[in-house]
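One structure is given below, encoded as structure tokens.
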Amino acid sequence: MNNIAVKSDMQSADTTSPNSTSIVIDEVFPHRAEVLWKAITNGDLMGRWMMKPAGFEPVVGNRFTFRTAPAGAWDGTIRCEVLEVAPLERFAFAWRGGDEANVGYGSKLDTVVTFTLHRVQTGTRLRMEHSGFVLPKNDTAYTNMGKGWVKCVETLGSVAGEQS
Amino acid sequence: MIEATPVSAVMRALADPTRRAVFERVVSAEEITVAELTRGSGVTQGAISQHLRSLKQAGLVIERPEGRNVYYRAQPDGLLPLVDWMTHYSAFWRDNFDRLRAVLKDIDP
Numbered sequence: 138m139n140n141i142a143v144k145s146d147m148q149s150a151d152t153t154s155p156n157s158t159s160i161v162i163d164e165v166f167p168h169r170a171e172v173l174w175k176a177i178t179n180g181d182l183m184g185r186w187m188m189k190p191a192g193f194e195p196v197v198g199n200r201f202t203f204r205t206a207p208a209g210a211w212d213g214t215i216r217c218e219v220l221e222v223a224p225l226e227r228f229a230f231a232w233r234g235g236d237e238a239n240v241g242y243g244s245k246l247d248t249v250v251t252f253t254l255h256r257v258q259t260g261t262r263l264r265m266e267h268s269g270f271v272l273p274k275n276d277t278a279y280t281n282m283g284k285g286w287v288k289c290v291e292t293l294g295s296v297a298g299e300q301s
Numbered sequence: 002m003i004e005a006t007p008v009s010a011v012m013r014a015l016a017d018p019t020r021r022a023v024f025e026r027v028v029s030a031e032e033i034t035v036a037e038l039t040r041g042s043g044v045t046q047g048a049i050s051q052h053l054r055s056l057k058q059a060g061l062v063i064e065r066p067e068g069r070n071v072y073y074r075a076q077p078d079g080l081l082p083l084v085d086w087m088t089h090y091s092a093f094w095r096d097n098f099d100r101l102r103a104v105l106k107d108i109d110p
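Those sequence lines, one after another, are chains A and B. If you count by our numbering, then the first sequence holds residues 138 to 301, one letter each, in order. If you count by our numbering, then the second sequence holds residues 2 to 110, one letter each, in order.
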């Protein structure tokens, strides 16, 4: 039911070039495109399934924020900017946050979230791509991860189970 | 619809709890032999060797033969696909989609 993918253009362990990775979810909802469009571009409705945006308007250039858990030098604010509004088709915004000094959760992010809608027989297909995750190039980040990685691997294990 | 083989390979290798435990010990030990890993683990040396082979195939550990011993250490690059913020965001969007489904049902029954 729940189609989630981690898409990566990483070809090798070459650490000289940045590797960018996306999270993709693609699902069909038994609703008209108009209903889905409203759910993803109305601030109050966004707050009910994603996070409550502050200062949001579905207009290109609009800047808004989400408040999440702080981490290290980062206050937890996600700074967004509306990049594209094509009614009933596509809605994209920049998603920036984190801090250079953080590793893992709270690390520096300069990403883009894109929603694409397609009408299908049974309703509307919604594809979400959160792109631009750049994998850290510094290997010591991994050797220093210590025991923290265990929890992340457990979560991944359950994700892998769903996919097989 | 996983498109990146390294990610799924690593995920598969670490989905097994025993193998995960073996990997964790390799990570925390810096360098360790099969015999040391077997001691007090409750599983046979053969089983440990099998897990190490799987971890090696997934690029998570590397081995260094020295005399009669083989030393294993964690391959830092191996965890490259497993960055925890990717996990965080994958889970975040999965939950979001579940909630979106409920909201849609509510506003458009």
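In this text, a Cβ means the ideal position worked out from N, Cα and C, and glycines have one as well.
Please list, in chain order, all residues of the same chain as residue i whose beta carbon is under 6 Å from its beta carbon, the five residues on each side excluded.
i	result
B:Thr39	Gln46 and Ile49
B:Gly79	Gly60 and Leu61
A:Asn199	Val219
B:Leu64	Note on residue identity: the sequence assigns Glu, not Leu, to residue 64 of chain B. Same-chain partners within the cutoff: Val71 and Tyr73.
A:Pro195	Thr178 and Val222
A:Phe252	Ile177, Phe228 and Met265
A:Tyr279	The pLDDT assigned to A:Tyr279 is 36, lower than 50, so where the model puts this residue is not dependable; a value taken from the coordinates is nonetheless given after this. Nothing listed; no residue qualifies.
Check the C-beta distance from residue i over to residue j and give it rounded, since I have them as a contact under 8 Å.
i	j	result
A:Phe166	A:Gly260	5 Å
B:Ala59	B:Ala14	4 Å
B:Val71	B:Val35	7 Å
B:Leu53	B:Val23	7 Å
A:Phe193	A:Gly180	4 Å
B:Phe98	A:Glu171	Their Cβ separation, rounded to whole angstroms, is 19 Å, which puts B:Phe98 and A:Glu171 out of contact at 8 Å.
B:Ser55	B:Arg21	No, B:Ser55 and B:Arg21 are not in contact; Cβ-Cβ is about 11 Å, not under 8 Å.
Residues in the same chain with beta-carbon distance under 8 Å from residue i, minus the five sequence neighbours each way, listed in chain order, please.
i	result
A:Glu174	One point to set straight first is that residue 174 of chain A is Trp, not Glu, in the sequence displayed. Cβ within range, chain order: Pro224, Leu225, Phe228 and Leu254.
A:Pro190	Gly180, Met183, Gly184, Phe201, Thr202, Phe203 and Cys217
B:Val44	Thr19
Going by the DSSP bridge assignment, what does residue i pair with across the sheet?
i	result
A:Met265	A:Ile162 and A:Phe252
A:Asp247	A:Arg233
B:Pro66	B:Val71
A:Glu218	A:Arg200 and A:Ala231
B:Ile33	B:Tyr73
A:Ala223	A:Arg227
A:Val257	A:Gly260
B:Phe93	B:Phe93 is not bridged to any residue.
A:Trp211	A:Ala208
A:Ala191	A:Thr202
Taking its Cβ as the centre, do 16 or more other Cβ atoms sit within 10 Å of residue i, making it buried, or is it exposed?
i	result
A:Gln258	exposed
A:Gly235	buried
B:Ala103	exposed
B:Asp107	exposed
A:Arg256	exposed
A:Val250	buried
B:Ala100	Just to set this straight, residue 100 of chain B is Arg in the shown sequence, not Ala. Under this definition B:Arg100 is an exposed residue.
For residue i, which residues of its own chain have a beta-carbon under 7 Å away from its beta-carbon, when the five flanking residues on both sides are left out?
i	result
A:Ala330	It is not possible to answer for residue 330 of chain A, since the shown part of chain A is limited to 138 through 301.
A:His168	Gly260 and Thr261
B:Ser42	Ile49
B:Arg26	Ile33 and Leu38
A:Leu182	Lys175 and Ala176
A:Leu263	Glu164, Phe166, Leu173, Phe252 and Leu254
Under the criterion of a Cβ to heavy atom distance below 6 Å, does residue i qualify as lining the ligand FMN?
i	result
B:Ala103	No copy of the ligand FMN occurs in the structure displayed, which carries no ligand at all.
Exercise. When Cβ atoms are compared, which residues of the stretch 90-105 of chain B fall closer than 8 Å to chain A?
Worked result: Correct list: Tyr90, Ser91, Ala92, Trp94, Arg95, Asn97, Phe98, Asp99, Arg100, Leu101, Arg102, Ala103, Val104 and Leu105.
Exercise. What residues in the stretch 32-54 of chain B bring their beta carbon closer than 7 Å to a beta carbon of chain A?
Worked result: Those residues of the stretch 32-54 of chain B that come within reach of chain A (Cβ to Cβ, closer than 7 Å) do not exist; the list is empty.
Exercise. At a Cβ cut of 9 Å, what residues of the stretch 204-225 of chain A count as close to chain B, listed as they run along the chain?
Worked result: Here the close residues number zero.
For this session: Anything in the stretch 183-200 of chain A with a Cβ closer than 7 Å to a Cβ of chain B? List those residues in chain order, please.
Result: Cβ proximity to chain B below 7 Å picks out Arg185, Trp186 and Met187 from the stretch 183-200 of chain A.
Exercise. Using a Cβ cut-off of 7 Å, which residues of the stretch 247-267 of chain A contact any Cβ in chain B, in chain order?
Worked result: Residues are counted here when their Cβ sits less than 7 Å from a Cβ of chain B; for the stretch 247-267 of chain A these are Met265 and His267, given in chain order.
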